[in-house]
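Student:
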Amino acid sequence: MLLKLAWRNIWRNKRRTYITIASVMFAVIFAIVIKGLKEGMYDRMIENTVGNYFGYIQIHKSGYWDDQTLDNSFSIDQQFLDSIQKLTYITNALPRLQNFALVSSDTITKGAVILGLDPEKEEKFSSLGSRIIEGGIIENEELAVLLGYKLAEYLKLKVEDTLIIMGQGYHGNLVAGSYPVKGLLKFPSPELNDNFVILPFTVAQDLMSAGSRATNMILDLEDHNKMEKYTTGLKAYLGSTYEVMDWKEMMPEIDKMIEADRAEGIILMGILYLLVSFGIFGTVLMMLAERMYEFGIMISIGMRKYKLAFIVWIEMVIMTLLGGIAGMLLAYPLLIYFNLRPIYMGDDIAKAIEEYGFEPIMQTSTDPGILFEQGFIIILLATIISIYPIIKIKNLNSVKAMRA
Amino acid sequence: MKNVIETKNLCKTYEGVIPIHAVNDVDLQIQDDEFTAIVGPSGSGKSTLLNLIGGLDHPTSGEVIVNGHDLSEFSESKLIDYRLYHIGFVFQAYNLIPVLTVRENIEFIMMLQKRKKEDIKNRIHELLEEVDLLDKINKRPSELSGGQQQRVAVARALATKPEFVLADEPTANLDSKSASNLLDTMERLNKEESITFIFSTHDQRVIDRARRVVTLEDGKIISDVQK
Numbered sequence: 001m002l003l004k005l006a007w008r009n010i011w012r013n014k015r016r017t018y019i020t021i022a023s024v025m026f027a028v029i030f031a032i033v034i035k036g037l038k039e040g041m042y043d044r045m046i047e048n049t050v051g052n053y054f055g056y057i058q059i060h061k062s063g064y065w066d067d068q069t070l071d072n073s074f075s076i077d078q079q080f081l082d083s084i085q086k087l088t089y090i091t092n093a094l095p096r097l098q099n100f101a102l103v104s105s106d107t108i109t110k111g112a113v114i115l116g117l118d119p120e121k122e123e124k125f126s127s128l129g130s131r132i133i134e135g136g137i138i139e140n141e142e143l144a145v146l147l148g149y150k151l152a153e154y155l156k157l158k159v160e161d162t163l164i165i166m167g168q169g170y171h172g173n174l175v176a177g178s179y180p181v182k183g184l185l186k187f188p189s190p191e192l193n194d195n196f197v198i199l200p201f202t203v204a205q206d207l208m209s210a211g212s213r214a215t216n217m218i219l220d221l222e223d224h225n226k227m228e229k230y231t232t233g234l235k236a237y238l239g240s241t242y243e244v245m246d247w248k249e250m251m252p253e254i255d256k257m258i259e260a261d262r263a264e265g266i267i268l269m270g271i272l273y274l275l276v277s278f279g280i281f282g283t284v285l286m287m288l289a290e291r292m293y294e295f296g297i298m299i300s301i302g303m304r305k306y307k308l309a310f311i312v313w314i315e316m317v318i319m320t321l322l323g324g325i326a327g328m329l330l331a332y333p334l335l336i337y338f339n340l341r342p343i344y345m346g347d348d349i350a351k352a353i354e355e356y357g358f359e360p361i362m363q364t365s366t367d368p369g370i371l372f373e374q375g376f377i378i379i380l381l382a383t384i385i386s387i388y389p390i391i392k393i394k395n396l397n398s399v400k401a402m403r404a
Numbered sequence: 001m002k003n004v005i006e007t008k009n010l011c012k013t014y015e016g017v018i019p020i021h022a023v024n025d026v027d028l029q030i031q032d033d034e035f036t037a038i039v040g041p042s043g044s045g046k047s048t049l050l051n052l053i054g055g056l057d058h059p060t061s062g063e064v065i066v067n068g069h070d071l072s073e074f075s076e077s078k079l080i081d082y083r084l085y086h087i088g089f090v091f092q093a094y095n096l097i098p099v100l101t102v103r104e105n106i107e108f109i110m111m112l113q114k115r116k117k118e119d120i121k122n123r124i125h126e127l128l129e130e131v132d133l134l135d136k137i138n139k140r141p142s143e144l145s146g147g148q149q150q151r152v153a154v155a156r157a158l159a160t161k162p163e164f165v166l167a168d169e170p171t172a173n174l175d176s177k178s179a180s181n182l183l184d185t186m187e188r189l190n191k192e193e194s195i196t197f198i199f200s201t202h203d204q205r206v207i208d209r210a211r212r213v214v215t216l217e218d219g220k221i222i223s224d225v226q227k
């Protein structure tokens, strides 16, 4: 009966109810789309840097992350690989050898990151082949390199040209080699395009006189959401000889930036919902003024005030939920649409965004959690707004109410 | 005959620059089966006295004793129960919940008493037959005349099987025919069902039908006439 009463009360003034529901609906659509764009941006940022390069978890020799030299590399053998791969939550383990060196064409020299990796495993992990924009992919033990396309542009190198690498290898050995450019890569992350030279893992080991050593072991996980739990487990499993780091430890600036941006988003949402709240609050005030006499009658005949307050709360929740659900139903297709068809930024804006190291694409996240979050906010909003009428009802004097 | 309601030195003063003694030292006994009108000009304290008897307002001093219990000793929660289980209220106008049908308005108060569904259903039929509105059972208040609405209010007041009914100016907004019908219904219920009715009114039609007339002036009883 109380629910029936609440439902019918909502439709006493249809126009006012429709306006209230519409205001909630548009706010929810706006909030979901903005949130979807932001979360999509974070997802891409993480995927581009973590999924395509860093990996969610890395294993190094202890101390490597603070002093990234070949002398802090570790020996890698089949027994070590097996001990990692037997962990069921690890779907792929990729050894890498990374160093800094000078790279040159005929006339131009530049400092670059030399990255030795296993092309077959990397294909499964990051679809390396799909990044090739010119030429072809390298194979294991092939004496050839892949270049970030921006680096190639800088060095004025094309596919089949020769790249010279000079640097310091394991234990300070001076090392040098020349390799044909087999392909050019385009990564979503501008930093990788500007600085990276990729060659097969064993070729890199030979070049750097590193024997069977690796600097990093990249781990791909069964469930990325459990990364922190896996990291803790691995730290205990491998002991102090190795350092196990997840991407948040390796790149705290990205994590902090996402957190800061999320906080900014919360403020924006807060302002939006505050504006909507005032609209709903106006409805509440009018509703209270109209029904004060009726409340007085209901209390006089024996209705308990908390039941009356419950009816008013339910009315608020139903009204905001109707708007919220309508907003969710309309917003989710938008999230799917902009996920399948991301917005590519125009040239000038794209350049500016790339300068900050981000991909100039706006793609929405389709995580249903965004919808549930808004649903929760709406019920919270209705509850907060209901506080005023609930207090009014609690302090209601039925005699005065019936005289009003 | 026993006293259902008794007031002793009952006073209600509204504080202000000039205090208003709305009810001033009223001693009144109401017995079983009475059909009593409390009359007097506007501002004489009729409604205030009814509110005090109904536990809707608290006296400044004095006592309201109902079936031997002093209302001033009741907590807020007990007062609500007192109103729900012992009193039927009929107000001047707009008594009913506009979004509920006639049936639901009567059902509502019995639901507050947590009565069984079958009991509720039977009682609704019984009451609407009494007030001759069975054919309007699914109508909303806005679809009824003022008189019909007040008869539904009487049915609702009786739904809880109260010991007495307090009616505050029940005929004030009714035409002669509607008022007459309403009073017929109340009079019949008083005689046949032994329900005590106490009215506050300045409507001569009610005064004429009442078997006892208590007259108030400036919050004091100036006459108490049994017919």
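Heads up: the sequence lines are chains A and B, in that order. For the first sequence, this note's numbering gives the first residue as 1, with consecutive numbering after it. For the second sequence, this note's numbering gives the first residue as 1, with consecutive numbering after it. Even glycine gets a Cβ: it sits at the ideal position worked out from N, Cα and C. Since the model is a prediction, treat every value here as computed from it, not as a measurement.
1) With burial defined as no fewer than 16 other Cβ atoms inside 10 Å of the residue's Cβ, what is the status of residue 51(A): buried or exposed?
2) For a contact defined as C-beta to C-beta under 9 Å, what are the partners of residue 311(A) on chain B?
3) Please confirm whether residue 133(A) and residue 370(A) have their CB atoms less than 8 Å apart.
4) Output the distance between the C-alpha atoms of residue 291(A) and residue 309(A), rounded to the nearest integer angstrom.
5) Within the same chain, show all residues whose beta-carbon is closer than 7 Å to that of residue 420(A), passing over the 5 residues directly before and after it, in chain order.
6) Determine the DSSP secondary structure at residue 53(A), reduced to helix, strand or coil.
7) Helix, strand or coil, according to DSSP, for residue 38(A) in the structure here?
8) Once DSSP output is grouped into helix, strand and coil, what is the label at residue 110(A)?
9) What is the DSSP secondary structure of residue 33(B), counted as helix, strand or coil?
10) Evaluate contact between the region 292-311 of chain A and the region 372-384 of chain A, counting only Cβ atoms and requiring at least three cross-stretch pairs below 8 Å.
11) Would you list the one or two residues that DSSP bridges to residue 12(B)?
12) Can you check which of these residues, 187(B), 222(B), 13(B), 58(B), is closest to residue 75(B) by C-alpha distance?
13) Could you tell me which whole alpha helix (DSSP H) segments of length 4 or greater appear in the region 102-190 of chain B?
14) Give the straight-line distance between the Cα atoms of residue 150(A) and residue 167(A), rounded to the nearest whole angstrom.
15) Tell me the rounded alpha-carbon separation between residue 232(A) and residue 247(A).
16) Mapping the DSSP letters down to three states, classify residue 344(A) as helix, strand or coil.
17) CB residue 200(A) to CB residue 148(A), shorter than 8 Å?
18) So, is the C-beta of residue 99(B) closer than 8 Å to a C-beta in chain A?
19) Under the three-state reduction of DSSP, which class applies to residue 298(A): helix, strand or coil?
20) How about residue 95(B): is its C-beta nearer than 8 Å to some C-beta of chain A?
21) Whole angstroms are fine: how far does the CA of residue 138(A) sit from the CA of residue 183(A)?
22) Here's a check: name, in chain order, each residue in its chain whose Cβ is nearer than 7 Å to the Cβ of residue 54(B), leaving out the five neighbours to either side.
23) Comparing the C-beta of residue 390(A) with each C-beta of chain B, is any distance below 8 Å?
24) Considering only the alpha carbon of each residue, which of 360(A), 329(A), 244(A), 318(A) lies closest to residue 343(A)?
25) Could you please give the first and the last residue of the uninterrupted alpha helix (DSSP H) stretch that includes residue 10(A)?
26) Quick check: residue 36(A) and residue 329(A), are their CB atoms within less than 8 Å of each other?
27) Report the CB separation of residue 147(B) from residue 181(B) in whole angstroms; it is logged as a contact under 8 Å.
28) Can you tell me which residues form a DSSP beta bridge with residue 213(A)?
29) Measuring only between beta-carbons, confirm whether residue 304(A) sits less than 8 Å from chain B.
30) Can a CB atom of chain B be found closer than 8 Å to the CB of residue 9(A)?
31) Can you name the residues of chain A whose CB is closer than 9 Å to the CB of residue 80(B)?
32) Tell me, please, which residues DSSP counts as bridged to residue 99(A).
33) Is the Cβ of residue 83(B) closer than 8 Å to any Cβ of chain A?
34) Spell out the partners DSSP gives residue 184(A) in its beta bridges.
35) Identify the residues that DSSP records as bridge partners of residue 215(B): which are they?
36) Looking at chain A, is there any beta carbon in it that lies within less than 8 Å of the beta carbon of residue 186(B)?
Tutor: Let me spell this out:
1) Counting Cβ neighbours within 10 Å, residue 51(A) comes out buried, since at least 16 surround it.
2) In chain order: nothing, as chain B lies at least about 11 Å away.
3) With respect to the 8 Å criterion, residue 133(A) and residue 370(A) are not classified as neighbours on the basis of their beta carbons.
4) 13 Å
5) Not covered by the structure: residue 420(A). The range shown for chain A is 1 to 404.
6) helix
7) helix
8) strand
9) It is coil, neither helix nor strand.
10) no
11) 23(B)
12) Looking at 187(B), 222(B), 13(B), 58(B), the one whose alpha-carbon comes closest to that of residue 75(B) is 58(B).
13) 102-112, 117-130, 146-159
14) 21 Å
15) 13 Å
16) strand
17) no
18) yes
19) If DSSP states are grouped into helix, strand and coil, residue 298(A) belongs with the helices.
20) yes
21) 8 Å
22) The answer, listed in chain order, is 83, 87, 89, 166.
23) no
24) 360(A)
25) That run of the alpha helix (DSSP H) goes 2-10.
26) no
27) Residue 147(B) to residue 181(B), Cβ: 6 Å. Contact.
28) 75(A)
29) yes
30) yes
31) 299, 302, 303, 304, 305
32) 114(A)
33) Under the Cβ criterion of 8 Å, residue 83(B) is counted among the residues facing chain A.
34) DSSP lists 134(A), 147(A) as partners of residue 184(A).
35) 39(B), 223(B)
36) no
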